[in-house]
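Numbering (the numbering used here), first residue to last: 773 to 1055. Backbone N, C-alpha and C fix where the C-beta goes; we use that ideal spot for every residue, glycine too. These figures come from a predicted structure and were not determined experimentally.
Set out below in structure tokens:
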């Protein structure tokens, strides 16, 4: 279905504007994603917007045509509107020419299989949506199973987090849980290997991150940007690792630390796989 909206007081415009607020996103179970590249990434990952909003003066583009066709075939709605209304919806002076409204994903922890990927990222009380989006991008890049948000974290469906994820929101699994629920799920998971919980730590007795004994499935845990991980959380981790700080700074940004550890763990696990599964000499 296609239609045109030209009035600022249109109910659809008001409903879309409201999705900038977390309370309304929760109530409606919907969120916004902006930009052709991001929406194309979503489409290629199997996610289509329920509502596609496009600027009436937009330039034609083959990716946009493919997106429109996919939304129509899926029974979604397409709306054309002037750029000034798009600016009202997004609260930007120069908005993207296309916006999609998506249903929020199921973030229940129980739907994830910890054995389905060698690496997972975990964030406890992460408050910056930009860091959250960056961790999603890291997870996508390193081949992680997804991002698990513990306790009171930033909203993964906020405009800032969605934008910072650069499309990884649609390729990575996301779960939200309290600490006790997460620990119970992690330790009770069936499978031949025990899940390893690795903490990014500033403790004096933490091991250097290079050369540490990472084991799959490896869950890399980072804490709050300003406080780090609570000591009681670190205490129950299987491995605590630290990154060398050679300058005046006493710690790295949480998302950067997660990325460094994720790549180190991935390299270690890949090396272990080569050592334990040598190629066939007759190949």
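For this session: Throw me the rounded Cβ distance for the residue 892 and residue 915 pair, which I believe falls under 8 Å.
Result: On the chain shown, position 120 is the one that residue 892 refers to. On the chain shown, position 143 is the one that residue 915 refers to. Actually they do not touch by this definition, with Cβ atoms about 11 Å apart.
For this session: Verify whether the separation of the beta carbon atoms of residue 903 and residue 1034 is less than 8 Å.
Result: In the chain shown, the residue the question calls residue 903 occupies position 131. In the chain shown, the residue the question calls residue 1034 occupies position 262. In terms of Cβ geometry, residue 903 and residue 1034 do not form a close pair [threshold 8 Å].
For this session: Flag this pair as yes or no: are the beta carbons of residue 896 and residue 923 separated by less than 8 Å?
Result: Here residue 896 is taken as the residue at index 124 of the chain shown, counted from 1. Here residue 923 is taken as the residue at index 151 of the chain shown, counted from 1. Result yes, Cβ atoms of residue 896 and residue 923 sit closer than 8 Å.
For this session: Put residue 1051 into one of helix, strand or coil per three-state DSSP.
Result: Numbered from its first residue, the chain shown carries residue 1051 at position 279. Confidence at residue 1051 is low in this model, with a pLDDT of 45, below 50, so its placement is unreliable and the value that follows should be read with caution. Of the three classes helix, strand and coil, the one that applies to residue 1051 here is coil, per DSSP.
Problem set entry | Extent of the continuous alpha helix (DSSP H) run through residue 861 | By 1-based counting over the chain shown, the position of residue 861 is 89. For residue 861, the enclosing alpha helix (DSSP H) begins and ends at 855-862.
Exercise. Okay, do the stretch 921-937 and the stretch 846-861 touch, 3+ Cβ pairs below 8 Å being the bar?
Worked result: No: fewer than three Cβ pairs fall under 8 Å.
For this session: Rounded to whole angstroms, what's the CA-CA distance from residue 938 to residue 978? Just pull it up for me.
Result: As a position in the chain shown, residue 938 is number 166, starting the count at 1. As a position in the chain shown, residue 978 is number 206, starting the count at 1. Rounded to the nearest angstrom, the two C-alpha atoms are 33 Å apart.
Exercise. Using the C-alpha atoms, what's the distance from residue 957 back to residue 882?
Worked result: Taking the chain shown and counting its residues from 1, the one referred to as residue 882 is at position 110. Taking the chain shown and counting its residues from 1, the one referred to as residue 957 is at position 185. Going by the C-alpha atoms only, they are around 7 Å apart.
Exercise. Roughly how many whole angstroms lie between the Cα atoms of residue 1031 and residue 819?
Worked result: By 1-based counting over the chain shown, the position of residue 1031 is 259. By 1-based counting over the chain shown, the position of residue 819 is 47. A straight-line Cα-Cα distance of about 26 Å links residue 1031 and residue 819.
Exercise. Expressed to the nearest angstrom, what Euclidean distance is found between the alpha-carbon atoms of residue 955 and residue 880?
Worked result: Start at 1 with the first residue of the chain shown, and residue 955 comes out as number 183. Start at 1 with the first residue of the chain shown, and residue 880 comes out as number 108. Distance between the alpha carbons of residue 955 and residue 880: 14 Å.
Problem set entry | Coarse secondary structure for residue 943, derived from DSSP in three states | Translated into the one-based positions of the chain shown, residue 943 becomes position 171. Residue state, collapsed to three classes: coil.
Problem set entry | Residues that residue 824 bridges to, as DSSP identifies them | In the chain shown, counting from the first residue as 1, residue 824 sits at position 52. Note: residue 824 sits in a beta bridge opposite 850, 872.
Problem set entry | Reduced DSSP secondary structure (H/G/I, E/B, other) of residue 775 | As a working mapping, residue 775 is identified with position 3 in the chain shown. Here residue 775 sits in strand by DSSP.
Exercise. Tell me which same chain residues have a C-beta within less than 8 Å of the C-beta of residue 791, skipping the five on either side of it?
Worked result: Position 19 of the chain shown, counted from the first residue, corresponds to residue 791. So the qualifying residues of the chain are 797, 800, 802, 803, 804, 873.
Exercise. In three-state DSSP terms, what is residue 895?
Worked result: Here residue 895 corresponds to residue number 123 of the chain shown, with the count starting at 1. Strand at residue 895.
For this session: Starting from residue 996, follow its DSSP beta bridges and name the residues at the other end.
Result: As a first step, residue 996 must be located in the chain shown, where it is residue number 224. Within the DSSP secondary-structure output, residue 996 pairs in a beta bridge with 1000.
Problem set entry | Residue span of the beta strand (DSSP E) that contains residue 804, given as start and end | For this step, residue 804 is matched to residue 32 along the chain shown. Segment 802-806, the beta strand (DSSP E) holding residue 804.
For this session: Per DSSP, which residues does residue 1013 bridge with? Please list them.
Result: For the purposes of this step, residue 1013 is identified with residue 241 of the chain shown, where counting begins at 1. Its beta-bridge partners are 972, 979.
Problem set entry | Cut-off 8 Å between Cβ atoms - residues of its own chain near residue 950, not counting five sequence neighbours on either side | Along the chain shown, read from residue 1 onward, the residue named residue 950 stands at position 178. If we look at residue 950 and ignore the five residues flanking it on each side, its Cβ neighbours are 922, 923.
Problem set entry | Top-ranked residue by Cα proximity to residue 989, from 959, 983, 996 | Counting from one through the chain shown, the residue named residue 989 turns up at place 217. Answer by Cα proximity: 959.
For this session: Could you check which residue in 929, 774, 934 has the C-alpha nearest to that of residue 795?
Result: Reading the chain shown from its first residue, position 23 is the one you call residue 795. Comparing alpha carbon positions, the residue from 929, 774, 934 closest to residue 795 is 929.
Problem set entry | residue 940 versus residue 912: straight-line alpha-carbon distance, rounded | Within the chain shown, numbered from 1, the residue matching residue 940 stands at position 168. Within the chain shown, numbered from 1, the residue matching residue 912 stands at position 140. Using only the alpha carbons, I get a separation of about 6 Å.
Exercise. Quick one: is residue 1051 buried, meaning 16 or more other Cβ sit within 10 Å of its Cβ, or exposed?
Worked result: As a first step, residue 1051 is located in the chain shown; it is residue number 279 there, counting from the start. Because the pLDDT at residue 1051 is just 45, under 50, the model does not fix this residue reliably, and the point stays unresolved.
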